[in-house]
Each structure stands twice: as structure tokens, then as C-alpha cells.
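Sequence lines, in order, name chains A and B.
Counting from 1, one number per residue, gives the positions in the first sequence under our numbering.
Counting from 353, one number per residue, gives the positions in the second sequence under our numbering.
One structure is given here, and the rest of the page talks about it.
There are 2 protein chains.
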Amino acid sequence: MPGRGLTSSRARRAPTMDDVAREAGVSRALVSLVMREQPNVSEDRRTRVRAAAERLGYRPNAMARSLASRRTKTVGVILDDLANPFFAEIAGGVEGLASELGYQLLLGAGGRQARRERTALATLLEYRVDGVILVSPRMRSRDIAAAAAEVPVVMVGRHVRGVQADFVLIDEAHGTELVLEHLVALGHEAIAHVDGGKGAGGPQRRGAYLRGMRARRLAGRARVIPGDFTEEAGANAARELLAEPELPTAVFAANDMVAAGLLGGLDRAGVQVPDELSVVGYDNISIAHLVNVSLTTVDQPRTEMGRLALELLLDRIDNRRPNLVRMLEPTLVVRSTTAAPRAAGALSLPAA
Amino acid sequence: MPGRGLTSSRARRAPTMDDVAREAGVSRALVSLVMREQPNVSEDRRTRVRAAAERLGYRPNAMARSLASRRTKTVGVILDDLANPFFAEIAGGVEGLASELGYQLLLGAGGRQARRERTALATLLEYRVDGVILVSPRMRSRDIAAAAAEVPVVMVGRHVRGVQADFVLIDEAHGTELVLEHLVALGHEAIAHVDGGKGAGGPQRRGAYLRGMRARRLAGRARVIPGDFTEEAGANAARELLAEPELPTAVFAANDMVAAGLLGGLDRAGVQVPDELSVVGYDNISIAHLVNVSLTTVDQPRTEMGRLALELLLDRIDNRRPNLVRMLEPTLVVRSTTAAPRAAGALSLPAA
DNA sequence: GGTTTTGGTTAGAGCGCTCTAAGTCGCGAG
DNA sequence: CTCGCGACTTAGAGCGCTCTAACCAAAACC
């Protein structure tokens with residue numbers, strides 16, 4: 001019965017380097033050299049060792065290797081929320097480069113809670129990862145600073161002053177401006193914002209929104225509905241808006257998840273988008289463009305963000321150098337959730 | 353300059369258990385007992401050790417611990433494709449339970465390529481994870497069998513016979529039947545299928561589709577368009593369908609990503625869904641319900657699949673027992689991408 | 001009062017690897 | 001014939017922890 005055979009073979013202790021050495025008739029050190037592809041090993045020995053390892057089904061023990069060499073070739077990545085494709089796509093970028101370079105990834109997800117994020121980070125540090133990438137972390141700055149004191153850190157999407165780390169940032173103010181410009185050019189004035197609460201980018205986008213509205217003398221029409229970057233927050237916002245006597249003509253959602261929740265809520269209520277209400281998202285997650293009524297949104301170069309973060313991290317691991325901040329520019333992707341407001345003809349035609 | 357201080361402190365060797373023992377004036381063994389929350393340590397010593405550890409900023413070294421204890425408290429998870437929210441959501445389920453139980457996750461993504469998947473798996477095994485969860489793996493059965501001989505394995509979404517592993521499966525035939533039933537009840541006969549190629553579930557869904565069509569005496573109307581579970585495949589399928597003289601009245605997509613790509617392509621061509629063509633997906637990924645024209649699809653209980661997989665794995669790690677297969681039932685979620693075919697009145701009214 | 005028992009503590013031998021320092025060997029040069 | 005040298009190989013000391021066995025009081029038993 002082959003099944004049994006497999007099971008019992010599992011019980012047997014895994015072969016070690018010593019076993020391979022004995023099998024090949026050489027010393028353990030030589031096996032180590034061969035495994036690490038070091039030079040100055042004769043071809044003869046090399047093939048003999050390889051064959052022995054093959055025969056025994058030898059698999060190096062990464063724990064022992066890391067313990068002895070004090071290098072793990074592993075970097076940790078902490079994501080705010082696995083359920084949000086935005087983060088999965090950034091992780092995808094990191095993963096792609098990591099696998100090219102032979103680095104391992106240890107992923108941790110915070111589930112949008114600072115506490116879970118902290119424990120995930122603690123675990124990564126116990127594994128002595130060579131470095132950590134924090135994507136839109138929710139932790140307090142002091143926790144981040146403490147981590148940065150132990151290990152090289154690169155942060156994506158959030159800036160924290162006074163921390164020894166590199167940063168990959170998106171120009172949030174610019175992204176927000178693109179949105180307002182677009183909506184105002186279409187003739188919108190009553191533009192509401194469903195914000196992202198305290199999550200990374202949330203305060204920045206909200207601030208830029210308020211500033212932009214003020215600069216356009218639309219401060220009186222500004223309206224911020226609290227959210228938290230989730231689809232649920234979008235659905236709630238829809239309910240809140242619909243409960244009022246009058247809808248705004250456009251809504252700028254803090255991210256695409258919120259926009260999606262919003263669109264769902266509006267649809268259920270029979271509100272036509274974009275005829276009755278325009279909606280703009282932020283992130284350009286992969287599904288944003290897929291739907292019949294596809295979402296106008298701000299694109300963030302997610303894969304590039306991930307790759308860049310890892311590049312910075314590895315460079316930081318090897319070279320002590322001053323902190324680096326890389327600012328990437330977002331772009332606006334106009335699709336079909338935005339249009340001129342219904343009764344805007346008179347007011348906005350001159351502008352157009 | 354606080355920055356400098358942090359940087360230089362990083363260079364200092366991390367404190368070890370011996371350092372803590374010295375600081376607390378006890379033996380290393382006692383520190384170990386305290387760290388592992390073992391009983392039979394006096395309250396006095398316990399607090400003294402804790403304080404010393406705190407003072408030094410001691411952080412246990414997971415490598416050393418695992419090496420000595422030969423248990424990693426870590427399980428590996430290999431996902432077919434991080435870009436597909438379906439997998440992210442399964443990972444979310446695993447992650448949730450893992451963090452409840454104090455288990456660590458080592459995530460690896462295969463990027464829909466058997467080769468990358470194999471190397472990711474090899475790495476996990478070098479880390480001596482306590483077990484591995486393979487989600488819709490693309491590897492050859494023999495590679496999987498080899499892994500299962502080394503470590504407990506649970507597979508999700510794919511069955512491989514003769515392998516020592518547990519399985520979490522969805523009744524694909526049933527899911528597919530739900531789709532055909534729904535479409536035929538609406539009056540559809542020309543139902544095409546964009547399949548998932550060789551990816552997990554692909555052949556099963558295709559097979560069930562063909563069988564179902566035959567059973568309904570619609571074999572003549574069956575039409576399979578090759579795909580691969582990606583959005584791009586959906587877009588290609590749209591192009592292919594549009595190039596023909598006549599559209600089918602309904603399309604069953606192998607998963608939601610394909611459906612999404614399909615919808616995008618149809619929209620660009622001005623085809624009205626569901627008026628001119630009905631579309632059904634599979635998976636019910638989180639964004640499937642979010643859009644104005646929301647996707648009719650087959651729901652898979654993703655979070656539960658993830659949790660269940662981890663439960664099985666941990667049980668398998670602790671207890672030697674025969675293989676288990678857990679079959680979960682999918683359900684149909686009817687939304688707004690399906691409707692009666694246009695000219696179906698005459699034919700289908702009797703049925704309805 | 002001596003001997004178990006028991007709760008608390010510790011020394012020390014590994015876990016499987018890396019890496020340094022110290023060989024060994026053959027060979028051309030002195 | 002000895003020495004030096006380069007190429008190759010190896011012994012052995014850790015890396016930071018766990019875990020077994022042993023130890024030592026103080027309490028419990030007869």
C-alpha cells in the first residue's frame with residue numbers, strides 16, 4: 001500500500017547534512033560548500049555530493065542555515081487588509097521581484113486592526129527577517145519606530161517623521177486634485193467625500209479635498225462622510241446620503257472599495273450613476289474597470305509600488321545610508337461613473 | 353539626533369536568552385520556561401525574568417526555537433494567484449483562524465505557473481513548516497505526492513488520488529448544474545462555456561457542463577471556449593464570440609475573473625447584458641456583487657474553506673489518521689447578469 | 001528523625017547548519 | 001631533498017534556543 005509507505009517515511013527523521021556527507025564519503029563542511037554553490041570544490045566531489053543528496057532526498061534546513069549564517073534571505077510584508085485587492089496587488093509586486101532575486105516572503109495581514117498588525121509584526125521580527133515592508137500600516141508611530149530600530153523598514157503609503165526608514169508614497173494631494181478638477185470641469189459643485197478615517201492616506205485625501213473645495217470657493221458645498229476604506233463604509237454612506245432631502249451631484253470615495261459599496265447601495269435604491277450622481281474612487285484596483293458601469297478612479301501604480309519597496313529594502317539592508325522617500329504620481333482614469341450633473345447645463349457650459 | 357541613535361542600536365547584536373538570564377540573575381533554562389509560559393516557576397522569578405527581558409528589549413529567536421524544538425508553529429499556504437481575490441479570500445480565512453490559534457503563516461504565490469509554485473513549495477519545506485495548504489495547485493500530482501510524503505498536506509479545490517492528504521472540495525458538478533438549471537429555466541438553450549483550462553476545477557466544470565447539456569438534449573448547442581481563469585481570457589472570449597455571426601444567448605464563465613473580463617469586452621462592444629446575453633460566473637468573489645450590473649454567480653464559501661483547511665491540517669499534524677475529504681456545497685447567487693433570452697417567449701413560457 | 005515527595009531551579013547536550021582556522025596533498029622551485 | 005604554494009578538504013566551535021536529567025531545599029509521610 002503506497003499510502004502507508006509514504007506515511008511511515010514521513011515519520012523518519014529528515015536527512016541532514018551529516019547524512020549526506022556520510023553517504024558521499026566526505027565531510028559535512030564540503031557538503032555545505034556544495035549546497036551553497038561555493039567555488040573551489042572539485043567537479044568530482046561536487047557531483048558526488050549532489051548525487052548523494054538526491055539519493056537521500058536531502059532538503060537543507062532553512063532554520064539551521066539562518067541561525068548559523070545570521071541571514072534569512074527573507075523579508076516580511078505586512079498588509080493592512082488582505083480582502084482589499086489593492087494590497088494583494090502590491091504584495092504581488094513585491095512577490096514578483098522577490099522570486100526573481102531568490103528572496104522569501106513572509107506575509108502578515110493586519111485585518112485593519114492596529115493590534116493584529118502589531119502581533120503580526122512581532123512574529124516577523126521573531127523570525128529575524130532581513131527587513132520589513134509595511135504597507136499602509138495602522139500602528140502607532142512609536143511602534144513603527146521601535147521596529148525600525150531593530151530591522152530595516154520600508155513603508156508604503158504612509159509617512160512617519162523621525163523614523164529610520166524609506167518610504168514609497170503617492171502624491172495624495174495631487175491625486176485628490178485630479179479628482180476635483182475632473183468633477184468641477186464637468187460642472188459639479190456639490191461634491192461630497194466619503195473618507196478613509198485614520199487609515200493610511202485617509203487624512204491626506206480628506207485634507208486635500210477640503211483644501212481643494214475651499215480654493216474653488218466651494219467650501220460651503222463640502223461634505224465629509226466618515227468611512228474606513230471598506231465596502232461596508234461605502235454602503236453605509238449611500239444610506240446616509242439617501243436619507244437626506246437632497247443628494248450631492250458627485251461623490252469622491254476614499255478608495256475603490258468604498259466606491260464599490262456606494263455604487264451597490266445606490267443601485268439598490270435605484271439611483272442612476274452617473275446620470276443622477278457621479279462617483280469617483282481611488283486606487284484603481286483590478287476589478288474597477290471590469291463592470292458594465294465602470295468606475296472612474298485614481299490609479300496607483302501598485303505593482304511598481306511593491307517592487308520599488310522591495311528594491312529600497314534590499315538596498316537598505318546592504319548599505320547604511322540616509323532615508324529615501326520615493327514619491328510616485330497617481331493618474332486619473334476616467335470611466336463611466338462620472339458625467340456632467342443633470343441640471344448643470346447653464347452653469348457649466350461656459351467653463352466647458 | 354535620535355535617528356542616529358536608532359541606527360546604531362540596530363547594529364548592536366540582539367539580546368539573547370543568556371543576556372536576559374544574566375540580567376535577571378537566573379539560569380537560561382529558567383528564562384526559557386518563563387518565555388514559554390510553563391508552569392512551575394515561582395511568581396517572583398517570573399516577574400523578575402519578565403522585567404529583565406523588557407529592560408533589554410529581548411525578542412525570542414524563532415529560528416533557534418524551532419531548531420531546538422523541531423516545531424515551527426508555522427504553516428505554509430500556496431496560492432495559485434494572488435491577483436485573484438478568490439484566493440486572497442481563502443487566505444483570509446486561513447489567516448483568521450491561524451492568528452486565533454497563535455500559528456504563523458508563510459504565504460507563497462505561484463502566479464498560475466507550476467514552476468514558480470514548485471519553487472515556492474520547496475522554500476516552505478526548507479523552512480520546515482509544520483504543514484502545507486495547497487490552494488488549487490497547478491503542480492503535477494507526483495510533485496504533490498512527494499511533498500505529502502515529507503509534511504502534512506491539505507489541498508483545497510483539487511483532488512488528487514493516491515496522495516496522503518486531506519481535501520477541501522467544492523461539489524463542482526453540483527455548482528455547474530445550478531447554473532444550467534437556472535439558465536435553462538430562464539429559457540436559454542444556446543449556452544456557451546468559457547472554461548478554465550487545466551486549472552483546478554476547470555476540467556470538472558467543463559465536464560459537468562458538457563454532461564448537463566447532453567442530459568438536456570442540448571449537446572448540439574454546447575460550445576466550449578478555452579480559457580484559463582483570468583480576466584484576460586474573458587476578454588479574449590468576448591472577442592471570439594463577437595467575431596461570429598451569431599451570439600449564444602447565455603455564457604457560463606469558469607470563474608468570476610473570466611466573467612468580469614467577458615462583461616468588459618461585451619460592454620465595449622455595446623452588447624447589453626442581460627438583455628442580449630446572459631452571463632454567469634463562478635466563485636462569488638467579493639466584488640461580484642458590487643457593480644451596477646451585478647454578476648450572477650456560484651458562491652463558494654471561501655472563508656470557511658480557508659478555516660476548514662487549516663483545521664484539518666492542524667488535526668492532521670497532531671493525529672495520524674486516514675485521509676479526510678470535506679465536500680462543501682456551492683450555492684447559486686442570482687443577480688442581474690441573467691435574464692430570459694430575448695426571443696424566448698414562445699419556447700420557454702411553458703417551462704416557466 | 002529519616003526518607004520520600006514535590007516544587008523550583010539548573011547544567012549541559014544537542015537541533016542542523018556556517019565559517020574560521022588548520023590541515024593535507026601534489027608539484028615545481030630552490 | 002626540502003620548502004612553499006595553491007588547490008582542496010576537514011575539524012570543530014559556535015548560532016540561540018529546548019529539553020532531559022539531575023539537583024536541592026522544604027514540606028510531607030511513617
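No residue lacks a Cβ here, since even glycine has one placed at the ideal position from N, Cα and C.
As the structure is a computational prediction, the values presented were derived from the model and not from experiment.
CB-CB length for residue i against residue j, believed under 8 Å
i: leucine 457 of chain B; j: leucine 107 of chain A; result: 7 Å
i: threonine 338 of chain A; j: leucine 186 of chain A; result: 6 Å
i: histidine 534 of chain B; j: valine 686 of chain B; result: 7 Å
i: glycine 76 of chain A; j: leucine 30 of chain A; result: Actually they are not in contact, since the Cβ atoms of glycine 76 of chain A and leucine 30 of chain A sit about 33 Å apart, beyond 8 Å.
i: glycine 586 of chain B; j: valine 610 of chain B; result: 4 Å
i: arginine 128 of chain A; j: serine 66 of chain A; result: 7 Å
i: aspartate 432 of chain B; j: arginine 464 of chain B; result: 6 Å
Exposed unless 16 or more other CB atoms sit within 10 angstroms - verdict on residue i
i: glutamine 679 of chain B; result: Glutamine is not the amino acid found at residue 679 of chain B; the sequence shown has methionine there. So methionine 679 of chain B counts as exposed.
i: threonine 426 of chain B; result: buried
i: arginine 214 of chain A; result: exposed
i: serine 69 of chain A; result: exposed
i: asparagine 636 of chain B; result: buried
i: leucine 676 of chain B; result: exposed
i: proline 674 of chain B; result: exposed
i: glycine 261 of chain A; result: buried
i: arginine 13 of chain A; result: exposed
i: alanine 238 of chain A; result: buried
i: alanine 145 of chain A; result: buried
i: threonine 399 of chain B; result: exposed
i: glycine 572 of chain B; result: exposed
i: proline 597 of chain B; result: exposed
i: alanine 147 of chain A; result: buried
Close-in-space but distant-in-sequence residues of the same chain around residue i (CB under 7 Å, 5 per side omitted)
i: leucine 56 of chain A; result: Pro15, Asp19, Val20 and Glu23
i: methionine 305 of chain A; result: Ile90, Gly93, Val156, Val168 and Leu328
i: valine 293 of chain A; result: Summary for valine 293 of chain A: the model assigns pLDDT 49, below 50, so the residue's position carries little reliability; its value from the coordinates is reported in the next sentence. Excluding residues within five positions, the ones whose Cβ falls inside 7 Å are Val273, Ser336 and Thr337.
i: methionine 387 of chain B; result: Pro412
i: valine 536 of chain B; result: Arg568
i: methionine 17 of chain A; result: Arg28, Val31 and Ser32
i: alanine 440 of chain B; result: Leu434
i: proline 653 of chain B; result: Leu680
i: proline 226 of chain A; result: Asp195 and Gly197
Span of the alpha helix (DSSP H) around residue i
i: aspartate 166 of chain A; result: Per DSSP, aspartate 166 of chain A belongs to no alpha helix (DSSP H); it is in the beta strand (DSSP E), 166-170.
i: phenylalanine 581 of chain B; result: Taken as a continuous stretch (DSSP letters only), phenylalanine 581 of chain B belongs to no alpha helix (DSSP H), as it is neither H nor E.
i: glycine 622 of chain B; result: First-last for glycine 622 of chain B: undefined, no H or E at that position.
i: leucine 310 of chain A; result: 302-318
i: serine 451 of chain B; result: 437-453
i: valine 20 of chain A; result: 17-24
i: threonine 47 of chain A; result: 43-56
Range covered by the beta strand (DSSP E) that runs through residue i
i: glycine 300 of chain B; result: With chain B covering only 353 through 704, there is no way to say anything about residue 300 of chain B.
i: valine 34 of chain A; result: Element bounds for valine 34 of chain A: not the beta strand (DSSP E) but the alpha helix (DSSP H), 28-35.
i: isoleucine 144 of chain A; result: Unbroken run through isoleucine 144 of chain A is the alpha helix (DSSP H), 141-150; no beta strand (DSSP E).
i: glycine 76 of chain A; result: 74-79
i: alanine 354 of chain A; result: Outside the displayed span of chain A (1 to 352) sits residue 354 of chain A, for which this structure offers no information.
i: proline 326 of chain A; result: The sequence given here places arginine at residue 326 of chain A; proline does not occur at that position. 325-328 is the span of the beta strand (DSSP E), which, as asked, contains arginine 326 of chain A.
Proximal residues to residue i (C-beta, below 6 Å), its chain only, five neighbours per side dropped
i: alanine 404 of chain B; result: Val372, Glu375 and Ala376
i: serine 348 of chain A; result: At serine 348 of chain A, the pLDDT of 40 sits below 50, so the modelled position is not reliable and the matter cannot be decided from this model.
i: arginine 557 of chain B; result: Glu524, Thr528 and Ala606
i: tyrosine 601 of chain B; result: Going by the sequence as given, residue 601 of chain B is threonine instead of tyrosine. Hits under 6 Å: His540, Ala542 and Pro693.
i: alanine 466 of chain B; result: Arg490 and Met491
i: arginine 711 of chain B; result: Since the displayed chain B opens at 353 and closes at 704, residue 711 of chain B lies outside it and no answer follows.
i: leucine 218 of chain A; result: Glu189
i: glutamine 164 of chain A; result: Ala148
i: asparagine 392 of chain B; result: none
Close-in-space but distant-in-sequence residues of the same chain around residue i (CB under 8 Å, 5 per side omitted)
i: arginine 454 of chain B; result: Looking at the sequence itself, residue 454 of chain B is glycine, so the reference to arginine does not match. Once the five neighbours on either side are set aside, the close Cβ partners of glycine 454 of chain B are Lys425.
i: leucine 180 of chain A; result: Ile191, Tyr209, Gly212, Met213, Arg216 and Phe252
i: threonine 683 of chain B; result: Leu530, Val650 and Asp651
i: glutamate 447 of chain B; result: Leu457 and Gly658
i: valine 378 of chain B; result: Arg397, Arg400 and Val401
Check: residue i C-beta below 7 Å from any heavy atom of the ligand COA
i: glycine 234 of chain A; result: This structure simply doesn't include the ligand COA, nor any ligand for that matter.
Practice task
Taking 8 Å as the threshold, find out whether the segment 145-159 of chain A comes into contact with the segment 304-320 of chain A through three or more Cβ pairs.
Solution key: Yes: the two stretches touch, three or more of their Cβ pairs being nearer than 8 Å.
Exercise for the section: Answer yes if the segment 548-562 of chain B comes into contact with the segment 604-613 of chain B, meaning at least three C-beta pairs across the two stretches below 8 Å, and no otherwise. Expected result: Contact between the segment 604-613 of chain B and the segment 548-562 of chain B is present: three or more C-beta pairs spanning the two stretches fall below 8 Å.
Problem - the segment 109-125 of chain A touching the segment 139-148 of chain A, judged by at least three CB pairs closer than 8 Å - result: Here the segment 109-125 of chain A lies against the segment 139-148 of chain A, with 3 or more beta-carbon pairs under 8 Å apart.
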